[in-house]
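Worksheet: the structure to be examined is printed underneath.
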Amino acid sequence: MGSRDSRAMLVLRRIGRNPVALLGLIIIIVYIGVALFAPILAPHDPIDQNLSKSFAPLSAENPLGCDEFGRDILSRIIFGARTSLIIQVFSVLIALVTGVFLGAVGGYFGGWLDEGIMRVMDILLAFPGILLALAIVAVLGPDLKNLIIAIGIYSIPQFARITRGSVITVKQSEYVTAARAIGESHFVTIMRYVLPNAISPIIIQTTLRMATVLLTAAGLGFLGLGVQPPQPEWGTMLSTARMYLRSAPLVAVFPGVSIMIVVLGFNFLGDGLQDALNPRLKD
């Protein structure tokens, strides 16, 4: 436990010395805080309509103005953060659990099992991610649950391949050989000796995949196959706002900027973690 704590502190120190990674971490913390405390932070109900305030300009009552239905844009941005975080967390969780399991099994046992798993992953990778997600959502129907499932499925191959590569490297280590020699079961060997030492690239992939998932969810929402109105979601907000780019451009600017900032935050942190988790670097 002590060595794990010291490793975590070392990673945090390295991130703290990297201004870009630290900025990314701050952005993500603010993003998660906004999503978790959306009901407290939002000044108005995000779905309440007031047509008399359609495209109302920025004001003290509506700091970011109002959309075409007179809904407060700031409140919709805040609750949109919650929707986006839900999509990210559960989509990545589906991909992480399934992909790590398949990659660990294939990489550890090898042979025909590894070949079979990797060929299925290759088939999934043959499709561009957004098109595969589009196809799944088109079959299942456009709603939040199906969007999460679709994005989770198309993200599985990345986790499976990265986990497989790490497991193949780690399983050659002496401590894994020793674990087998003392009679540890395959399950215990994988969970106790292999995966904990193959976790660094998985953590990095998880962080970077959160950015990709946000962009994919926003893209599907923009195409009308994501979260359906009136539930606030940044991609859906962009989709409805594109019709008013000339008359009310700020309606599209704010959700677009929100997507850009959060995606940059996850990418900044992911890049920083690549350095922070690099065992070759000296503190």
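When we follow my numbering, the leftmost residue of the sequence shown carries the number 133, and every step to the right adds one.
In this text, a Cβ means the ideal position worked out from N, Cα and C, and glycines have one as well.
For clarity, every value in this text was computed on a predicted model and none was experimentally measured.
Run through DSSP, which three-state label would D403 get? The residue given as residue 403 occupies position 271 in the sequence shown. Helix, per DSSP.
For G261, which residues of its own chain have a beta-carbon under 6 angstroms away from its beta-carbon, when the five flanking residues on both sides are left out? Here residue 261 refers to the residue found at position 129 when the sequence shown is read from its first residue. For G261, where only same-chain residues beyond five positions count, the Cβ hits under 6 angstroms are Y286.
Using the Cβ count rule (16 or more neighbours within 10 Å means buried), how would you classify I336? Taking the sequence shown and counting its residues from 1, the one referred to as residue 336 is at position 204. Classification of I336: buried, given that the 10 Å Cβ count is 16 or more.
Residues in the same chain with beta-carbon distance under 7 angstroms from F354, minus the five sequence neighbours each way, listed in chain order, please. Mapped onto the sequence shown, residue 354 falls at position 222. G367, L370, S371, listed in sequence order.
Look up D275 in the DSSP assignment and say whether it is helix, strand or coil. Position 143 of the sequence shown holds residue 275. Here D275 sits in coil by DSSP.
Start and end of the alpha helix (DSSP H) containing A380? Counting from one through the sequence shown, the residue named residue 380 turns up at place 248. Element bounds for A380: n/a, residue is neither H nor E.
Quick one: measure Cβ to Cβ for P175 and L217, integer angstroms, because I've assumed they're closer than 8 angstroms. Against the sequence shown, residue 175 aligns to sequence position 43. Against the sequence shown, residue 217 aligns to sequence position 85. That belief does not hold up - the Cβ atoms of P175 and L217 are roughly 20 angstroms apart, past 8 angstroms.
Can the beta-carbon of G202 be found closer than 8 angstroms to that of S184? Reading the sequence shown from its first residue, position 70 is the one you call residue 202. Reading the sequence shown from its first residue, position 52 is the one you call residue 184. Against a cut-off of 8 angstroms, the Cβ pair of S184 and G202 comes out as a contact.
Collapsed DSSP secondary structure at G134 in the structure displayed: Taking the sequence shown and counting its residues from 1, the one referred to as residue 134 is at position 2. With a pLDDT of only 48 at G134, under 50, the local geometry of the prediction cannot be trusted, and no value is derived from it.
Taking the straight line between their C-alpha atoms, what separation do you get for G248 and D254? On the sequence shown, residue 248 is found 116 positions in, with the first residue counted as 1. On the sequence shown, residue 254 is found 122 positions in, with the first residue counted as 1. If you take the alpha carbons of G248 and D254, they lie about 10 angstroms apart.
Helix or strand or just coil, what does DSSP make of D204? As a position in the sequence shown, residue 204 is number 72, starting the count at 1. In this structure, D204 counts as strand in the three-state DSSP scheme.
First and last residue of the alpha helix (DSSP H) that includes S332? In the sequence shown, counting from the first residue as 1, residue 332 sits at position 200. Element bounds for S332: 331-354.
How would you call K303, buried or exposed, if buried means at least 16 neighbouring beta carbons within 10 angstroms? For the purposes of this step, residue 303 is taken as the residue at position 171 of the sequence shown. Buried, since its Cβ has 16 or more Cβ neighbours within 10 Å.
Q220 versus A373, G388, A350, residue with shortest Cα-Cα distance: The residue you call residue 220 lines up with position 88 of the sequence shown. It is A350 whose Cα lies nearest to the Cα of Q220.
Minimum C-alpha distance to P430 - residue among L377, R146, E365: This structure does not reach residue 430, given that the chain is present from 133 up to 415, and the question cannot be answered.
Beta-carbon proximity check, D204 vs P178, cutoff 8 angstroms: Here residue 204 is taken as the residue at index 72 of the sequence shown, counted from 1. Here residue 178 is taken as the residue at index 46 of the sequence shown, counted from 1. Yes, the pair counts as a contact, with Cβ atoms nearer than the cut-off.
Go through its chain and collect everything with a Cβ distance to N399's Cβ below 6 angstroms, but skip five positions before and after it. One-based indexing of the sequence shown puts residue 399 at position 267. Closer than 6 angstroms at Cβ, skipping near neighbours: A343.
Identify every run of the alpha helix (DSSP H) within the segment 220-269, keeping only runs that are complete inside it and at least 4 residues long; order them along the chain. 243-257
Exposed or buried, P289, counting other C-beta atoms within 10 Å across all chains shown (16 or more means buried)? If you number the sequence shown from 1, residue 289 lands on position 157. Answer is buried; the Cβ neighbour count reaches 16.
How long is the line joining the alpha carbons of G239 and A311, rounded to whole angstroms? Taking the first residue of the sequence shown as 1, we reach residue 239 at position 107. Taking the first residue of the sequence shown as 1, we reach residue 311 at position 179. About 17 angstroms.
The alpha helix (DSSP H) that contains I160, what's its start and end? Numbered from its first residue, the sequence shown carries residue 160 at position 28. I160 -> alpha helix (DSSP H) spans 151-168.
Buried or exposed: which applies to T295, given that a residue is buried once 16 or more other Cβ atoms fall within 10 Å of its Cβ? In the sequence shown, counting from the first residue as 1, residue 295 sits at position 163. It is buried - the Cβ of T295 has at least 16 other Cβ atoms within 10 Å.
Rounded separation between L144 and P274 - CA only: The residue you call residue 144 lines up with position 12 of the sequence shown. The residue you call residue 274 lines up with position 142 of the sequence shown. The straight-line gap from Cα to Cα measures roughly 40 angstroms.
CB contact flag (S191, E200, <8 angstroms): As a position in the sequence shown, residue 191 is number 59, starting the count at 1. As a position in the sequence shown, residue 200 is number 68, starting the count at 1. No.
Below 7 angstroms CB to CB, which residues in the same chain sit around G404 once its five sequence neighbours on both sides are set aside? In the sequence shown, the residue the question calls residue 404 occupies position 272. These residues qualify, in order along the chain: I147, N150, V152, A153, G156.
Count the other CB atoms, across all protein chains shown, that sit within 10 Å of the CB of L168; report buried if there are 16 or more and exposed otherwise. Within the sequence shown, numbered from 1, the residue matching residue 168 stands at position 36. L168 should be labelled exposed.
Given T339 as reference, the closest of I283, I160, L257, S390 once Cα atoms are compared: Taking the sequence shown and counting its residues from 1, the one referred to as residue 339 is at position 207. Out of I283, I160, L257, S390, I160 has the C-alpha closest to the C-alpha of T339.
Proximity of A373 and V359 at Cβ, strictly below 8 angstroms: In the sequence shown, counting from the first residue as 1, residue 373 sits at position 241. In the sequence shown, counting from the first residue as 1, residue 359 sits at position 227. Not closer than 8 angstroms, so no.
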